[in-house]
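Counting from 1, position 138 in the sequence shown corresponds to residue 144 in our numbering; the numbering is continuous, with no gaps.
We treat Cβ as the ideally placed atom computed from N, Cα and C, and that holds for glycine.
Read through the structure below, which is laid out as structure tokens, and then see the notes.
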Amino acid sequence: MRVLGIETSCDETGVAVYDTRDGLLAHALHSQIPLHAPYGGVVPELASRDHVSKLVPMIEAIMAEADVGRADIDGIAYTAGPGLVGALMVGATVSQGLGFAWDRPTLGVHHLEGHLLAPMLGPDAPVMPCLALLVSGGHTQLVEVAGVGRYTLLGESLDDAAGEAFDKTAKLLGLPYPGGAALAALAERGDSGAFALPRPMLDRPGLDFSFSGLKTAVLLARGEGELGEQQHADLAASFQAAVVDTLVTKTLRALDATGLRCCVVSGGVSANTRLREALTEGARARGVTVHFPRMEFCTDNGAMIAYAGAQRLAAGQADAGSPQVRARWPLVELPPVGEEVR
Ligand code: KG4
Ligand code: ZN
7 MRVLGIETSC DETGVAVYDT RDGLLAHALH SQIPLHAPYG GVVPELASRD HVSKLVPMIE
67 AIMAEADVGR ADIDGIAYTA GPGLVGALMV GATVSQGLGF AWDRPTLGVH HLEGHLLAPM
127 LGPDAPVMPC LALLVSGGHT QLVEVAGVGR YTLLGESLDD AAGEAFDKTA KLLGLPYPGG
187 AALAALAERG DSGAFALPRP MLDRPGLDFS FSGLKTAVLL ARGEGELGEQ QHADLAASFQ
247 AAVVDTLVTK TLRALDATGL RCCVVSGGVS ANTRLREALT EGARARGVTV HFPRMEFCTD
307 NGAMIAYAGA QRLAAGQADA GSPQVRARWP LVELPPVGEE VR
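Dropping the structure here:
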């Protein structure tokens with residue numbers, strides 16, 4: 007089965023063609039960063055308008071690159087949520103239009119399921135059952151995965167997501183939007199032991215996270231005066247170490263509690279080098295394998311939506327009526343696909 011995948015949930019337009027036999031045939035991404043940068047964050051109306059102008063030409067280009075025509079596409083998968091409703095509507099309505107015109111099924115995909123399954127596109131695909139740490143700009147969740155669509159939420163952030171904490175802290179340090187990756191780059195030049203920042207909720211049992219206090223701690227550590235360049239880097243490194251410590255400790259705790267032998271880490275923050283190193287090391291000590299997406303598929307992309315959509319379309323799932331988009335959408339509400347893996 008060959009699926010066209012469309013991602014428009016936030017500030018990136020992503021398209022891809024995935025074939026369940028031949029793998030990923032082509033993918034393309036357009037980032038809106040320069041569009042939103044002057045405002046210091048995503049402006050939803052601008053995001054929607056940009057998706058409108060970019061999406062159809064990108065679909066034409068990707069199909070040409072994959073050397074497929076409309077008759078070669080068996081289904082269309084688009085991100086239906088969670089995300090910005092106006093932005094999601096663009097992908098959903100274009101998908102519906104193509105579905106009508108080509109007489110093919112469409113399917114609304116859960117953005118986080120796309121992230122969760124993104125490591126399956128790599129050479130080192132995980133084997134279920136596994137534990138998933140989903141760390142994006144909007145979500146931080148630990149999920150037990152018994153198969154596609156068989157998810158149990160073990161813990162999540164009670165306030166800011168890890169990526170959101172990176173972005174907000176970057177802003178505090180004067181870095182331009184979107185700050186997460188820039189903060190991580192700055193941290194490479196800093197001393198992570200320079201500032202003693204809290205490790206939120208590590209002293210409590212359970213698998214939930216809290217990151218909003220960490221941002222306040224950075225604000226206090228920064229103080230009123232101007233920090234020098236090295237102190238900025240030190241503060242960035244100290245912040246990154248606190249987030250990574252917290253994510254790693256809770257993930258290892260979840261592995262111990264569930265006895266799972268495989269761990270998946272995905273979403274924008276899974277691009278973080280320190281997180282990748284620390285989790286790989288901690289898991290190796292337990293004999294657990296850790297799987298990350300390819301770097302380019304850590305952040306939002308169309309390939310993960312095409313992949314997730316293909317799993318469900320191939321199992322006979324499809325939209326029943328007009329596409330529905332959802333700003334909020336708990337992952338655990340998804341219907342299962344196939345058998346539970348034990
Ligand atoms: O998954 P994603 O592209 O979008 C959402 O679904 O939210 O994740 C974006 C998030 C942003 O908050 C960004 O700051 C963060 O991922 N991010 C990083 C890095 N690269 C992206 N955070 C830490 N280190 C990075 N290298
Ligand atoms: Zn995302």
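Item                                                                                                              : Value
For L189, three-class secondary structure by DSSP                                                                 : helix
Any non-hydrogen atom of ligand 2 within 7 angstroms of G273 CB                                                   : yes
Check: A277 C-beta below 7 angstroms from any heavy atom of ligand 1                                              : yes
Exposure of D109, with buried meaning 16 or more beta-carbon neighbours within 10 Å                               : exposed
Closer than 7 angstroms: H121 CB and nearest ligand 1 heavy atom                                                  : yes
Check: D17 C-beta below 7 angstroms from any heavy atom of ligand 2                                               : no
Straight-line Cα distance separating S276 from F303                                                               : 10 angstroms
Reduced DSSP secondary structure (H/G/I, E/B, other) of S244                                                      : helix
At least 3 beta-carbon pairs within less than 8 angstroms: the stretch 163-183 vs the stretch 139-152             : yes
Validate contact between the stretch 248-260 and the stretch 202-214 using beta carbons, cut 8 angstroms, 3 pairs : yes
Delimiting residues of the alpha helix (DSSP H) encompassing R290                                                 : T279 to R290
Assigned secondary structure, Y183 (DSSP; H/G/I helix, E/B strand, else coil)                                     : coil
Boundaries of the beta strand (DSSP E) in which S276 is found, first to last residue                              : Taken as a continuous stretch (DSSP letters only), S276 belongs to no beta strand (DSSP E), as it is neither H nor E.
Quiz: which residues have CB nearer than 5 angstroms to ligand 2 non-hydrogen atoms                               : S142 and D306
Buried versus exposed call for P342 [16 or more other C-beta atoms within 10 Å across all chains shown]           : exposed
Contact under 8 angstroms by Cβ, R156 with D78                                                                    : no
T423 - DSSP class collapsed to helix/strand/coil                                                                  : Since the first residue shown for the chain is 7 and the last is 348, residue 423 is missing from the structure and cannot be characterised.
Beta-carbon proximity check, M301 vs L123, cutoff 8 angstroms                                                     : no
Close beta carbons around L30, own chain, < 8 angstroms, minus the five adjacent residues each side               : A22, V23, Y24, L127, A309, A312 and Y313
Heavy atom of ligand 1 within 7 angstroms of D173 beta-carbon                                                     : yes
Distance CB(G87)-CB(A333) smaller than 8 angstroms                                                                : yes
Extent of the continuous alpha helix (DSSP H) to which S54 belongs                                                : P50 to A72
Stretch pair the stretch 82-98 + the stretch 115-122: three plus CB contacts closer than 8 angstroms              : yes
Any non-hydrogen atom of ligand 1 within 7 angstroms of P184 CB                                                   : yes
DSSP bridge partner residues for A107 (one or two, in chain order)                                                : Its beta-bridge partners do not exist; DSSP assigns none.
Backbone secondary structure at S328 - three-state DSSP                                                           : coil
Proximity winner among T112, R267, A176 and T19, relative to A152 (alpha-carbon distances)                        : R267
Cutoff 6 angstroms; reference V338; Cβ partners in own chain excluding five residues on either side               : Y157 and L159
CB contact flag (H121, L192, <8 angstroms)                                                                        : no
Any non-hydrogen atom of ligand 1 closer than 7 angstroms to H238 Cβ                                              : no
The stretch 39-55 in contact with the stretch 63-74 per 3-pair CB rule at 8 angstroms                             : no
Residue closest to S328, alpha-carbon to alpha-carbon, out of V154, D197, A176 and F106                           : F106
Span of the beta strand (DSSP E), counted from its first residue to its last, around G29                          : G29 to S37
Local Cβ density within 10 Å of S59, reported as buried at 16 or more and exposed below that                      : exposed
Inter-residue Cα distance where the pair is R282 and P299                                                         : 11 angstroms
Top-ranked residue by Cα proximity to A83, from V100, V74, G75 and A72                                            : V100
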